[in-house]
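Below is one structure, written out as structure tokens; the observations come after it.
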Amino acid sequence: MIPGVEPQSMAARLRERFAMDGTELTETTARELVAAQLGYSDWTTCAEAAASSSDPVTIPILRTFPGDEARRFYVNFLGFTVDWEHRFEEGAPLYQQVSREGCVLHLSEHHGDATPGSAVRIAIADVRRLQRALFDSPVYPLRIGLSRQPWGDDLTVPDPFGNRITFHTPRSAS
């Protein structure tokens with residue numbers, strides 16, 4: 001099981017995406033599709049692997065500010081998916097989980113959870129492909145260059161809240 005991947009959340013998001021296009025996907029079908037995509041023979045095997053996973057998972061918390069800018073940046077621009085959102089009550093600060101390709105981040109509007117200006121490194125398979133996708137995005141006019149390091153290629157993207165997200169592909173995989 002990939003650390004941080006929640007198959008049940010993935011199945012729910014898959015159903016939501018299909019519903020947006022007017023296609024109904026049963027919960028069973030969505031679960032089986034997720035299991036197959038994660039390399040399991042069926043949902044039961046996938047769910048058991050997720051439940052028995054003892055790998056430690058680190059989930060960074062990044063400070064964001066109230067409003068729609070976090071969703072615009074992390075979802076519409078960087079391609080993360082919102083897994084869940086939480087507010088203690090209406091009008092309270094938003095705390096949410098987003099994920100992309102096995103990476104999970106928590107975004108918090110709560111002032112005590114994190115400090116604006118934090119930095120996070122995320123290992124991905126192909127940082128050059130991500131750079132091309134960001135160049136083609138109409139959401140933000142950022143032209144961010146790759147930084148070639150002895151250990152691999154880095155693409156550091158500043159978010160609207162002062163945080164720096166560095167996507168990294170190790171030299172052996174680039």
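Reading the sequence shown from the start, the letters are residues 1 to 174 in my numbering.
All residues carry an ideal CB built from backbone N, CA and C; glycine is no exception.
- Unbroken beta strand (DSSP E) stretches of 3 residues or longer found wholly inside the segment 40-74: 61-63, given in chain order.
- DSSP places residue 148 in the strand class (E or B) of the three-state scheme.
- Looking only at 60, 126, 36, 117, the smallest Cα-Cα distance to residue 95 is reached by 60.
- Going by DSSP, residue 19 is part of the alpha helix (DSSP H) stretching over 7-20.
- Here residue 21 is exposed. Its C-beta has fewer than 16 other C-beta atoms within 10 Å.
- Relative to residue 134, the option among 101, 156, 68 whose CA is nearest is 156.
- Proximity to residue 129 across 41, 120, 18, 144 peaks at 144, based on C-alpha coordinates.
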